[in-house]
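Per this note's numbering, the very first residue in the sequence shown carries number 454; after that it's consecutive.
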Amino acid sequence: MRGAAAVLISLFALVLVAPMSAHAEAGLLVGVHDDQIKWRTRPNPILPAVRTLGLDAMRVTLRWRPGRRNPSVRTHHELQRMVAADRHGVRIVLGVHGRADDAPSTAGEREDYCRTSATSCFGTARSGTS
């Protein structure tokens, strides 16, 4: 019984003390992973909810397939929606991935993957600012 009481008191103390010691370093992004912004023709309804929650960022993913060197037309439209969200103060963290079987294993496949990723990030950001 004494051991149970000691454990209970320790847990209670931990619950009281732990939240007080937590803090974030400057520059830490707090956000969500939500691809919904890619599929909406107007992403604006999502953005107030993100800001109301006090979030700084949204992680959005794009799928890469072997042989693809540039984003498709559909992907380009999705990227434009992400650029619009960024303009409204929500930082976009972009993840470019594929299936495990599609992992780039040759120099050419790695080049394709890197080119697609770079074009998705930098080419769209430039074209979205005009």
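Here a beta-carbon is modelled for each residue, glycine too, at the ideal position from N, C-alpha and C.
Secondary structure of His541 (DSSP, three-state): coil.
Residue burial annotation: Thr569 is buried, with at least 16 other C-beta atoms found within 10 angstroms of its C-beta. A distance below 8 Å separates the beta carbons of Arg493 and Arg534. In this structure, the straight-line span from the alpha carbon of Ala571 to that of Leu506 is close to 30 Å. Annotation: the stretch 492–528 contains the following complete segments of the beta strand (DSSP E) (minimum length 3 residues), in chain order: 510–516. Shortest Cα-Cα distance from Arg521 to any of Pro557, Pro498, Leu508 involves Pro557. One thing to note: Asp509 has its Cβ no nearer than 8 Å to the Cβ of Leu532. Rounded to whole angstroms, the separation of the alpha carbons of Ala560 and Cys567 is 10 Å. Ranking Asp487, Leu515, Met511 by CA distance to the CA of His541 puts Met511 first. Assignment of Gly484 by DSSP, reduced to helix, strand and coil, places it in the strand class.
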